[in-house]
Amino acid sequence: MKICVVGAGHVGLVTAACFSEMGHRVVCMDQDRKKLAGLRKGKVWFYEPGLEDLVVKNLKKKRLFFTDRVAEGVKQSEVIFIAVGTPPLPTGDADLTAVEQVVRQIAQVADGYRLIVEKSTVPVETGRRIKQALEMMHRKKAPIEVASNPEFLREGSGVYDFFHPDRIVFGVESARARDLLEQLYKPFKAPILVTDIASAELIKHASNAYLSMKISFINAVSVICDKVGADVQNVARGIGYDTRIGPSFLRAGIGYGGFCFPKDLEAFIRIAEKLGYDFKLLKAVKQINDDQRRILIEKTTHLLWNLKGKKIGLLGLSFKPDTDDLRFAPSLEIIAALRKGGAQVHAYDPQAMPEAKHLLGSEIHLAKDPYQLARDADCLILVTEWKQFKELDLVRIKKLMRQPVLVDGRNLYDPGKMARLGFRYAAMGRGKEA
């Protein structure tokens, strides 16, 4: 099948590369010419395990192409996926400017049947708005349909998730659109749910909101655990054995981050407000998430007496392991709070340091490895649970530090072991300080 994917970001590029790996001819369009120049040479501009290999392979097989012209992709393709960014506005609404621009460009050049598929996370009723815009702007009057096919890709495992989906959701208005998408996804052995477009749009927002709620729930429980000396890991394990609940997303820590959960939760709250419903539950989810960063800073301050003049090292910067993404990363809030308290902030991350240098400049000192980070540090804060940090030589780390203080924002380490090694150790909901 001939496919166009508009947008070469974390969703669009994974989608384009994976469809080309399935044997389809894919044109991936983006307006960033510098980004495209790298992609044409097989250089992916962000870190996603396995993605660059797919891009290189399918460029060589001439199944994957990159362009900065929408017309080139639209004229050569029957199915057009819109995977452009929908960043949050100051109001919390999703900014649909890029979606509108793409729809306008498609309307100007489409000269035959086209199926436009929403892949970006968009507010409910966006499909209806796209359809209305096409009716107003499409001059050639060729049949153009709209569908929704929300993505459920996790950064750091996007390629795996594409090929091993939990479910595939289509929101369509015709048998022709349904048949095209079913043909496209036929090789996958996953449940396929066919709905109306509005339901498909809501499934995406509701899914991310529910997962955010689960994270905030266990984080709220972790606060209670700290107060009574219980261990949130044991509590979460006991909850997770209930098949109605399950263990996923019951890991207490410093809260969720990244580009999806924060913006999608805000957008869903705003969608509800516009429809006349006050989604108080999701407002509480956001507040609990914000509180976790404050609690981490309070634990750090307590262990050090104060932050002023202290050298504090952050183990990890990206919002989760296996990505270099710093968008809405908890580390950014933590850095700001530490600096406000007068601390000297240092950091190490296996992948995110180039982006951190670009984003933060002189606000942060970057170390070449965790051991350099630990040298003369008054405290280390575990921010991102990279596998590399689980395997650190903690005896060596302790010897390098000015004060053996470690605040574990992801509950990566065992409190008993940390106590035996001589650390002053605090985690999130693991009971009393070790």
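Numbering follows my numbering, with no gaps: position 201 of the sequence shown is 192.
Yeah, the Cβ is synthetic: ideal placement off N, Cα and C, and Gly gets one too.
- [ ] Evaluate the contact criterion for the segment 318 to 331 versus the segment 368 to 379: three or more CB pairs, one atom per stretch, below 8 Å.
- [x] yes
Limits of the alpha helix (DSSP H) - the one that G422 falls within = Here G422 belongs to no alpha helix (DSSP H), and DSSP marks it neither H nor E.
message: Using a 10 Å radius around the Cβ and a threshold of 16 neighbouring Cβ atoms, would you call D369 buried or exposed?
response: buried
Discussion item. If you reduce the DSSP assignment to three classes, tell me which class A85 lands in.
Written reply: strand
**Item:** Bridge partner(s) assigned by DSSP for Q335
**Value:** DSSP output for Q335 lists K302 as bridge partner(s).
- Message: Just to confirm the assignment, what range does the alpha helix (DSSP H) spanning G407 have?
- Response: 406 to 412
Practice item. Name the two residues that bound the continuous alpha helix (DSSP H) containing M128. Key: 117 to 128
Distance between K32 and F250 (C-alpha atoms, nearest Å) = 27 Å
request  = Output the distance between the C-alpha atoms of P253 and K277, rounded to the nearest integer angstrom.
outcome  = 8 Å
Tell me which residue opens and which closes the beta strand (DSSP E) that E136 is part of. 135 to 139
Self-check item: DSSP three-state assignment for V35, whether helix, strand or coil
Solution: coil
Using a Cβ-Cβ cut-off of 8 Å (strictly less than) and excluding sequence neighbours within five positions of F57, which residues of its own chain qualify? A(-1), V18, C19, M20, D21, L27, L30, R31
Worksheet item: Roughly how many angstroms separate the alpha carbons of S239 and Q224, rounded to a whole number?
Response: Between S239 and Q224, the alpha-carbon positions lie close to 12 Å from each other.
**Asked** Which residue's Cα is closest to the Cα of T314: L172, P78, E146, L50?
**Response** E146
Using the three-state DSSP reduction, which class does L144 fall into: helix, strand or coil? coil
Notebook entry, point to check: DSSP puts T77 in a beta bridge; with which residues?
Noted result: According to DSSP, T77 bridges with nothing at all.
Checklist entry - Excluding sequence positions up to five away, which residues of its chain have a Cβ less than 8 Å from the Cβ of V35? => result L4, G29, L42, E43, V46
Original post:
For V163 versus R169, is the C-beta distance shorter than 7 Å?
Top reply: Yes, they are a contact pair.
Rounded to whole angstroms, what's the CA-CA distance from A138 to L106? Just pull it up for me. 7 Å
**Q.** First through last residue of the alpha helix (DSSP H) which encompasses A169
**A.** Residue identity differs from the one stated: residue 169 is Arg in this sequence, not Ala. 166 to 175 is the span of the alpha helix (DSSP H), which, as asked, contains R169.
task: Please classify Y232: is it buried, with 16 or more other beta-carbons within 10 angstroms of its beta-carbon, or exposed?
output: exposed
Q | Beta-carbon gap between K48 and R16 smaller than 7 Å | A | no
Beta-carbon within less than 7 Å of D187's beta-carbon, same chain only, minus the 5 sequence neighbours each way: which residues are those? Apart from sequence neighbours up to five positions away, the residues of its chain that approach D187 with a beta-carbon distance below 7 Å are G162, ordered along the chain.
* To do: May I have the straight-line CA-CA distance separating R158 from M392, to the nearest angstrom?
  => 48 Å
Would V398 and K302 be called neighbours here (beta carbons separated by less than 7 Å)? Between V398 and K302, the gap from beta carbon to beta carbon reaches 7 Å or more.
message = Considering only the alpha carbon of each residue, which of R285, G246, E12, E136 lies closest to E69?
response = E136
*asked:* Is it buried or exposed, A410, if we count other Cβ atoms within 10 angstroms and call 16 or more buried?
replied: exposed
ask   = For A101, which option in A85, A62, A124 has the closest C-alpha, if you only look at C-alpha atoms?
value = Of the candidates A85, A62, A124, the residue whose Cα lies closest to the Cα of A101 is A62.
Is the separation between the beta-carbon of A181 and that of S213 shorter than 7 Å? no
Please report the straight-line C-alpha distance between E126 and E91, rounded to a whole angstrom.
Approximately 13 Å between the Cα atoms of the pair.
Going by DSSP in three states, G399 sits in which element: helix, strand or coil? At residue 399 the sequence reads Asp, which differs from the Gly that was named. If DSSP states are grouped into helix, strand and coil, D399 belongs with the strands.
Q. Excluding sequence positions up to five away, which residues of its chain have a Cβ less than 8 Å from the Cβ of P312?
A. G147, T375, E376, W377, K378
Per-residue DSSP class, three states only, for K52: coil
Would you mind reading off the limits of the beta strand (DSSP E) that contains Y416? 415 to 417
Is the number of C-beta pairs between the segment 280 to 298 and the segment 326 to 343 that are closer than 8 Å three or more?
-> yes
Would you mind stating whether C(-5) and I71 have Cβ atoms separated by less than 7 Å?
Between C(-5) and I71, the C-beta gap is smaller than 7 Å, which places the two residues in contact.
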